[in-house]
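Protein chains: 2
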Amino acid sequence: MVNKQFHLASRPQGQATTGNFRLVEAPVAALADGQVLVRHHYLSLDPYMRGRMSDAKSYAPPQPLDAVMIGGTAGEVVESRHPNFAAGDRVAGMGGWQQYSVVDGNARGGLRKVDVSRIPLSAYLGVVGMPGVTAWYGLMKICEAESGDTILVSAASGAVGSVVGQLAKAKGCRAIGIAGGAEKCAYVVDELGFDACIDYKVHADPKSLYRALKEATPSGIDGHFENVGGTILDAALARMNPFGRIALCGMISGYDGQAIPLSQPSLILTSRLRIEGFIVSEHMEVWPEALTELGTMVATGKLKYRESVAEGIESAPEAFLGLLKGKNFGKQLVKLT
Amino acid sequence: MVNKQFHLASRPQGQATTGNFRLVEAPVAALADGQVLVRHHYLSLDPYMRGRMSDAKSYAPPQPLDAVMIGGTAGEVVESRHPNFAAGDRVAGMGGWQQYSVVDGNARGGLRKVDVSRIPLSAYLGVVGMPGVTAWYGLMKICEAESGDTILVSAASGAVGSVVGQLAKAKGCRAIGIAGGAEKCAYVVDELGFDACIDYKVHADPKSLYRALKEATPSGIDGHFENVGGTILDAALARMNPFGRIALCGMISGYDGQAIPLSQPSLILTSRLRIEGFIVSEHMEVWPEALTELGTMVATGKLKYRESVAEGIESAPEAFLGLLKGKNFGKQLVKLT
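Taken in sequence, the protein lines are chains S and A. Residue numbers for the first sequence follow the working numbering, beginning at 61 and rising by one. Residue numbers for the second sequence follow the working numbering, beginning at 61 and rising by one.
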């Protein structure tokens with residue numbers, strides 16, 4: 061049995077390119093006791109992967125060269141030598157950019173069985189997976205969203221942002237999104253139920269962006285969930301109400317190496333703001349509560365989501381580079397079966 | 061009885077100058093029921109006053125033009141028509157830049173009687189007053205200093221910074237200061253007991269400042285108390301340990317109008333930092349606990365402080381402008397009697 065996989069061939073100099081990845085065909089090893097063989101149905105592509113491709117100091121060790129790219133996967137057990145797993149089980153894990161993975165069934169945070177009777181398998185890589193819990197943690201634990209608050213979220217049509225806004229609405233907040241393009245903005249408001257969405261592409265000038273944001277947030281902003289950084293964060297900072305909270309989840313604009321300054325840090329003092337960066341995998345204690353709430357909302361139709369699905373393992377690098385440029389629309393997946 | 065006072069005559073365009081102030085001689089009005097007449101012995105000069113002189117949006121309403129400059133004062137009751145105060149009582153309050161004030165004895169946060177048997181009157185404007193509580197709040201409630209932590213504080217020889225470092229040492233932390241000039245740095249280490257102090261004047265280049273900071277904090281920084289902003293904050297940010305806390309108390313470099321950007325905000329995410337701006341007058345609930353601890357430390361000689369004392373009300377504007385340029389050494393006061 062041949063297992064197609066992508067390795068990191070080289071670290072990007074500036075923008076990442078398809079040349080940074082190498083397609084490899086590897087055999088699948090026979091199982092040892094306690095191991096499980098998983099066939100991946102879906103691979104998750106996420107912005108954090110770009111950070112791992114660099115060897116700059118960061119919160120996680122860099123992705124090693126000449127090894128399978130890290131990544132979340134959802135699939136089915138093909139063969140098991142672990143008592144908790146049986147062939148046919150649907151599972152989510154961190155199988156990486158490949159068609160199959162051999163997993164230690166005992167590894168903490170390794171494989172988890174998922175119920176596909178009311179929730180589609182792919183959703184466990186999105187709204188009922190890492191991106192969903194990321195949204196939940198930042199909104200509930202850092203932004204401390206309460207009924208009546210105005211909540212702003214950037215990359216609002218994306219896997220994380222779309223959950224932030226819908227959760228905020230469910231909590232009785234006013235939800236404002238920022239997204240790129242009229243189609244995404246219409247989706248955010250019409251489908252997801254946000255109160256407004258600002259198209260950053262028609263507000264390339266920082267002053268124009270600020271004016272649009274001011275118009276959409278007449279009572280200021282109480283909680284901001286930042287997925288992007290740069291001029292969007294600058295504009296948000298200037299609209300924050302006293303004692304506002306900012307959850308810093310993504311700084312996608314800076315991944316290509318150039319640092320993007322924050323224009324007016326003195327606003328943190330004058331508006332007495334709290335800004336906190338977080339990585340959801342460091343807060344495993346909230347996952348059960350968050351996944352239960354998110355799963356219930358998905359199963360009952362109260363949490364909508366959208367997926368961009370690329371076909372076949374070979375399409376992974378192009379799909380990933382597109383994600384970094386905002387070409388995806390909703391959660392970016394690669395379908396492997 | 062004539063009361064010399066300083067009014068704000070005009071708002072600064074760029075740097076503040078003595079021309080922004082006007083010396084006025086006003087009569088002292090007769091007391092109404094419930095009022096207290098206070099003769100000020102000391103006027104406190106503090107960086108926050110520069111912010112109030114502007115009418116830019118900030119946390120507090122601007123200082124009105126043609127009115128007495130706001131400011132903390134310590135003095136003695138001359139005459140009282142309020143049952144809680146009697147002639148001879150030593151009191152602290154917010155009497156402003158003038159020799160006398162008439163105060164409503166019932167006003168919340170107005171006049172408080174102070175005990176000068178073990179603590180000098182002037183200390184109630186410094187270590188056992190607003191600057192001391194500011195240090196206490198930022199260190200204990202935002203930096204969450206614990207034994208073994210490395211704590212960094214800028215403007216380390218100043219009224220707030222000197223208390224931050226000494227409190228940190230008392231809690232079992234390693235305390236590192238940043239100050240301007242060899243004399244201040246020697247004082248911070250030799251007199252106040254900090255573990256090290258970096259002279260920012262010999263490290264004008266950001267890279268040089270960072271290297272000096274790296275050398276002084278081999279285990280990184282767990283809590284940073286920021287009184288200055290600008291390149292100092294940039295350097296501190298780059299040395300923060302994961303999950304570090306930054307209390308933002310002052311951004312003196314930006315008071316003259318020009319915003320000073322934060323160079324690498326993405327570090328907030330990659331190091332999962334928490335940054336919080338605060339104004340101590342909005343946290344009155346901690347004052348009793350903080351003042352008790354600070355007062356005991358001063359009375360028992362465990363908390364040292366230094367004062368720069370200008371003589372006479374006429375010297376207030378020059379002394380204030382010197383404070384903004386770091387010419388003071390310790391708490392800046394004006395002695396009025």
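For each residue, glycine too, the CB sits at the ideal point set by N, CA and C. Just so you know, these numbers come straight off a predicted model, no measurement behind them.
### Task
Find the nearest neighbour of Leu329(A) within the set Asn63(S), Asn80(S), Ile306(S) and Glu371(S), judged by alpha-carbon distance.
Ile306(S)
### Message
So, at 6 Å on beta carbons, what are the nonlocal neighbours of Trp196(A) in its own chain, with the 5 sequence-adjacent residues on each side left out?
### Response
Ala350
### Task
Would you kindly check if the distance between the Cβ of Gly241(A) and the Cβ of Asp259(A) is under 8 Å?
yes
### Host beta strand (DSSP E) of Thr133(A) (start-end)
Thr133 to Ser140
### Query
Can you give the Cα-Cα distance for Arg299(A) and Ile202(A), rounded to whole angstroms?
18 Å
### Task
In the DSSP assignment, find the unbroken beta strand (DSSP E) run with Ser268(A) in it and report its ends.
Unbroken run through Ser268(A) is the alpha helix (DSSP H), Pro266 to Ala276; no beta strand (DSSP E).
### Task
Take Gly304(A) and list the residues in its own chain whose beta-carbon comes closer than 8 Å to its own, dropping the five residues that flank it on each side.
Gly280, Ile281, Asp282, Gly283, His284, Ser331, Leu333 and Arg334
### Message
I need the straight-line Cα distance from Leu68(S) to Phe380(S), nearest angstrom please.
### Response
13 Å
### Query
Would DSSP call Cys257(S) helix, strand or coil?
strand
### Task
Give me the Cα-Cα distance between Cys93(A) and Val137(A), rounded to the nearest whole angstrom.
Rather than Cys, the amino acid found at residue 93(A) in this sequence is Asp. Approximately 15 Å, taken between the alpha carbons.
### Query
Quick one: is Tyr197(S) near chain A, going by C-beta distance under 8 Å?
no
### Sequence-distant residues of its chain with Cβ nearer than 6 Å to Val84(S) (five each side left out)
Gln65 and His67
### Task
Could you spell out where the beta strand (DSSP E) holding Leu393(A) opens and where it closes?
Lys391 to Lys395
### Query
Are the C-beta atoms of Gly337(A) and some chain S residue less than 8 Å apart?
yes
### Query
For Thr77(A), does the three-state DSSP call read helix, strand or coil?
coil
### Message
Using a Cβ-Cβ cutoff of less than 6 Å, which residues in the same chain neighbour Leu212(A) once the five nearest sequence positions on both sides are dropped?
### Response
Ile236, Ile281, His284 and Ala296
### Message
Assuming contact is defined by CB atoms lying nearer than 8 Å, are Ile179(S) and Gly156(S) in contact in what I supplied?
### Response
no
#### Entry: Segment limits, beta strand (DSSP E) that includes Pro191(S)
Run containing Pro191(S): none in the beta strand (DSSP E); it sits in the alpha helix (DSSP H), Met190 to Tyr197.
### Query
So Lys64(A) is in the beta strand (DSSP E); what residue range does that whole segment cover?
Val62 to Leu68
### Task
Tell me where the alpha helix (DSSP H) around Leu354(A) begins and ends.
Trp347 to Ala359
#### Entry: Nearest to Arg6(A) (by Cα), restricted to the options Glu243(A), Gly253(A) and Tyr270(A)
Outside the modelled stretch of chain A, which goes from 61 to 397, sits residue 6(A), for which no answer is possible.
### Query
Just the Cα atoms here: how many angstroms apart are Ser375(S) and Gly232(A)?
56 Å
### Query
With DSSP run on the structure shown, which of helix, strand or coil describes Asp282(S)?
strand
### Message
Below 8 Å on the Cβ atoms is my contact criterion, and I expect Glu378(A) with Thr133(A) to pass it. Report the Cβ-Cβ distance as a whole number of Å.
### Response
The Cβ separation is near 19 Å, so there is no contact.
### Min CB distance Ser326(S) to chain A below 8 Å
yes
### Beta carbon of Gln159(A) nearer than 8 Å to that of Ile373(A)
yes
### Task
Give a yes or no on whether 8 Å exceeds the smallest Cβ distance from Pro302(A) to chain S.
yes
### Query
Of all the CB atoms in chain A, is at least one closer than 8 Å to the CB of Tyr270(S)?
no
### Query
Near Ser182(S), which residues of its chain fall below 7 Å by C-beta distance, leaving aside the five closest residues on each side in sequence?
Tyr102, Ala134, Glu367 and Leu393
### Span of the alpha helix (DSSP H) around Phe380(S)
Ala376 to Leu384
### Query
On the three-state DSSP scale, how would you describe Arg71(S)?
coil
### Task
Note down, in chain order, all residues in the stretch 279 to 295 of chain S with a beta-carbon under 8 Å from any beta-carbon belonging to chain A.
Gly289 and Leu293
### Amino acids of chain S, ordered along the chain, whose beta-carbon sits closer than 8 Å to that of Arg332(A)
Tyr119, Glu336, Gly337, Phe338, Ile339 and Glu342
### Message
Comparing C-alpha positions only, which one of Asp250(A), Pro278(A) and Leu171(A) sits nearest to Gly153(A)?
### Response
Leu171(A)
### Query
Any heavy atom of the ligand SAH closer than 7 Å to the Cβ of Phe380(A)?
In the structure on display, the ligand SAH does not appear, and there are no ligands present to speak of.
### Lys395(A) versus Pro321(S): straight-line alpha-carbon distance, rounded
43 Å
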